[in-house]
Structure formats: structure tokens, C-alpha cells
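A.B. asks: Just dropping this structure here.
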Amino acid sequence: MLLFALVQVAIPCAGLLHGDGEHVESHTQQVIFSLNGDNTVVEYQIRYEGDAEDFGWVIPIFGDLVDIQEGESASFDRYNQGTKPSVFYDYAPTSSCGATEKGDDNSLSGERYVHGFAGQFEYLIIPASQGEEFLLWGQENDWSTDGISSILPQYGSESNISLVMLKIRQDVRSEDISTSPTIKIEYERHEMRYPAMLSKLSMEQEIHTVVYVLGEAQATVGGWGEEEVGNLEGDISDDANDIYRARLLEISESRTSFGIVFSGEIDGTWVTRFDSLLRPEQNTHEPFFRIGNKRETISSNIYLSETSGAWIFGVFMSVFAFIFGRRES
Numbered sequence: 001m002l003l004f005a006l007v008q009v010a011i012p013c014a015g016l017l018h019g020d021g022e023h024v025e026s027h028t029q030q031v032i033f034s035l036n037g038d039n040t041v042v043e044y045q046i047r048y049e050g051d052a053e054d055f056g057w058v059i060p061i062f063g064d065l066v067d068i069q070e071g072e073s074a075s076f077d078r079y080n081q082g083t084k085p086s087v088f089y090d091y092a093p094t095s096s097c098g099a100t101e102k103g104d105d106n107s108l109s110g111e112r113y114v115h116g117f118a119g120q121f122e123y124l125i126i127p128a129s130q131g132e133e134f135l136l137w138g139q140e141n142d143w144s145t146d147g148i149s150s151i152l153p154q155y156g157s158e159s160n161i162s163l164v165m166l167k168i169r170q171d172v173r174s175e176d177i178s179t180s181p182t183i184k185i186e187y188e189r190h191e192m193r194y195p196a197m198l199s200k201l202s203m204e205q206e207i208h209t210v211v212y213v214l215g216e217a218q219a220t221v222g223g224w225g226e227e228e229v230g231n232l233e234g235d236i237s238d239d240a241n242d243i244y245r246a247r248l249l250e251i252s253e254s255r256t257s258f259g260i261v262f263s264g265e266i267d268g269t270w271v272t273r274f275d276s277l278l279r280p281e282q283n284t285h286e287p288f289f290r291i292g293n294k295r296e297t298i299s300s301n302i303y304l305s306e307t308s309g310a311w312i313f314g315v316f317m318s319v320f321a322f323i324f325g326r327r328e329s
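Numbering-wise (my numbering), the sequence shown opens with residue 1 and increments by one.
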């Protein structure tokens, strides 16, 4: 048996803004949800290409803001390494083989208009119902808001939803800007809801989303369906990425759904990983997550078997770029 690591897939961000004609592309987004007492904590990570100063990021939150700060990319690395599927190659017998800077106010609950700084980010937080403030913010930064402005009224029609609008601070030196920044937001209410409707604006043919939910036991999905990815099989000549991609598409064939990739304990915390692969138009409603009482261990593996004695050597490079590798205990 051999294990090879592959590269991770591109994921669109939840509301990326940039100037007309400017090259700013998001390549990866992962989301971590957890609870802190009566509050929800959500962390986003984005990897992109282009000039960081030229983009803005809009995140709906579903409760009054408690705190906002720069997150730690190490958390995403740890949970990805601990949950990603493993690929096993079975050859025939004849073969050989950063410091955190908090915002201006540590107790922001109840404030509806908040401006401050978190690490390399400058943020402005407004009620989702105040769409004109969002448009003004976009105009001031010379960003196109046409697509997102058509989606935001759906959030503005609900009570207690705010928009976190982010951009890179002007006083941060270009060499100090991370190419995979993370933001950590805490807000009131147990509302672990992913703003999937913004993904309808993606130019990608298919959208891959990865969500980690942390808690005392396994998480479940509401609003969308869910199904275990399970163990997958193929020939040694098959591309493991294609097998995994086909399985995720199958899971959402009849209903918008997440595949359950992993459920288990990592560093004393129970982690449930959900993956989806959807066309943009399938994101017509939004999923939410709840932590249940079940602690059932779930993992996903891909087994590629060889029936002949041919020698195969090399590292598989994936155009679609999911990460597969050995899981850490």
C-alpha cells in the first residue's frame, strides 16, 4: 500500500469584490463553525491570486456582533490534515513500489454600525437591511457591486442579520500581507448558517465547499441533505480526484446536499467535516448546522487496485485539486 498527497480544490469565497477588469481570484475557502456559550464562532480562510489591496470581502452574520479578530491559518491546516480522505494504492504482487490584533471594542454586542481593525483587515459592519451603505462602500473603493447587490436584499428581509465588510488595511506593507488570510467572527445566537446563496454569483461551473463543525459530538445539516461519502474504489489507473468528484456530484444529484467526509476526535475536540460540489444555480437556499449527541467515527478512503504487474511511479497532479493524504491521529 502507498499513500500520495494531492492538492486542494479551488473554492469561491462568500462575496468577493474587486474593480472592473482587475485580476483577483479566490482559490480556496474553508469554513470552521463552533459554539462559545450562547454565541456562534465562524472562521473563514481564503486563498487568492492578485493584489490583495484590490479586493473586498462581504460576510453575512446571523446575530449581533460580539467580537472580530484575525484568525489562525494553523487551525485550518490541522483540521484539513486530520479529516481529508486518504488514497490507498494497492499494486499487484509482481510490482515494486499570526499574532492576533483585536478590533477597537472587545464588547461589541448590540452595536449595529461598527468600524475597526483585525490584523491585516479593516472592517465595517452594518445591518443587512442597509443595502445603500454597502453600495456606498463599494463605490468608495471602486468595486463592482452589481452581482452581490442583487443577493443582499434576501438577507436584509430577515431580522438580526449584519454584513461584515472587509478589506486590507492601507497601512499594511505589501510584504506583510498574507496570501491566505483568515478572519474569526463571534456573534450572538446559536446560528451556524453558511451563506451559500452568494455562491450563485460564482463564474465557476462547479463550486466545492468544505465546512468543519467543532463540538462535543457529531454535527448534522439542516436545509440541505447529507450523506456519508464512504469508501470508494477504482482501478490503479484512475484519477482519485475524479472518483471523489463523481461521488460528491452523485450526493447532490437529486437534492442539494453535503457529503459527510469525517466525524471524529482531533486534539480533544469532535470534528465533523462536510464537503459539497454544486453548480452555482443549485445554491438557492442555505444550510445550517447543529451539534447532536451521537459520537460515531466516520472516515472516507479511496482504494485504487492494480490487477497486472505493471510498475507505476510518480506523483499524481490534479487539475481539480482536492487534497488527499494520510490522516493524523
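The beta carbon of each residue, even a glycine, is placed where N, CA and C say it ideally should be.
This structure is a prediction, so every number in the text was calculated from the model and none was measured.
1. Between which residues of its own chain and residue 300 is the CB-CB distance below 6 angstroms, once the five residues before and five after are set aside?
2. Check for me: the beta strand (DSSP E) holding residue 265 runs from which residue to which?
3. Let me know the secondary structure DSSP gives residue 292 once reduced to three states.
4. Determine the burial state of residue 308: buried for a count of at least 16 other Cβ atoms within 10 Å of its Cβ, exposed for fewer.
5. Taking the alpha-carbon of residue 209 as reference, which of 40, 242, 256, 215 has the nearest alpha-carbon?
6. Just to confirm, does residue 139 get its C-beta within under 7 angstroms of one of the non-hydrogen atoms of the ligand FAD?
7. Could you tell me which residues DSSP pairs with residue 208 in its beta bridges?
8. Do the CB positions of residue 219 and residue 289 come within less than 8 angstroms of each other?
9. Helix, strand or coil: which one does DSSP assign to residue 227?
10. Taking C-beta to C-beta, are residue 212 and residue 32 nearer than 8 angstroms?
11. Residue range of the beta strand (DSSP E) that residue 69 falls in?
12. Is the beta carbon of residue 293 closer than 8 angstroms to that of residue 196?
13. With residue 303 as the anchor, note down where its beta strand (DSSP E) starts and where it stops.
14. Alpha carbon to alpha carbon, how far is residue 259 from residue 63? Give it in angstroms, no decimals.
15. Would a C-beta distance cut-off of 8 angstroms place residue 388 and residue 70 closer than the cut-off?
16. Check the DSSP bridge columns for residue 194 and list the partner residues they point to.
17. Could you tell me how far apart the beta carbons of residue 248 and residue 277 are, in whole angstroms, since I believe they sit closer than 8 angstroms?
18. Can you tell which of 243, 66, 58 has the C-alpha that lies nearest to the C-alpha of residue 37?
19. Would you call residue 74 buried or exposed, if buried means 16 or more other Cβ atoms sit within 10 Å of its Cβ?
20. Just to confirm my understanding: we take residue 103, look at its own chain, exclude 5 residues before and 5 after, and list those with CB closer than 8 angstroms. What are they?
21. Is DSSP giving residue 183 helix, strand or coil here?
22. Is the distance from the Cβ of residue 371 to the Cβ of residue 193 below 8 angstroms?
23. If residue 379 and residue 129 are in contact, beta carbons under 8 angstroms, what's the gap, nearest whole angstrom?
24. Please report the residue range of the beta strand (DSSP E) in which residue 62 lies.
25. In whole angstroms, what is the alpha-carbon distance linking residue 269 and residue 142?
C.D. replies: According to the structure data:
1. 85, 229, 261
2. 257-266
3. coil
4. Only weak support exists for where residue 308 lies, its pLDDT of 41 falling under 50; the coordinates are left without a value.
5. 256
6. In the structure on display, the ligand FAD does not appear, and there are no ligands present to speak of.
7. 277
8. yes
9. In the structure shown, residue 227 sits in a strand (DSSP, three-state: E or B).
10. yes
11. If you look at residue 69, you'll find it in the beta strand (DSSP E) that goes 65-70.
12. no
13. 301-305
14. 27 angstroms
15. This structure cannot speak to residue 388, because the chain is shown only from 1 to 329.
16. Bridge partners of residue 194: none, in fact.
17. That belief holds up - the Cβ atoms of residue 248 and residue 277 are roughly 4 angstroms apart, short of 8 angstroms.
18. 66
19. Residue 74 comes out exposed.
20. With a pLDDT of 38 at residue 103, under the threshold of 50, the modelled position of that residue is not reliable, and no figure is offered here.
21. strand
22. Beyond the ends of the chain as shown, which are 1 and 329, falls residue 371; an answer cannot be given.
23. Outside the displayed range of the chain (1 to 329) lies residue 379, so it cannot be described from this structure.
24. Neither: residue 62 is in no beta strand (DSSP E) and is coded neither H nor E.
25. 43 angstroms
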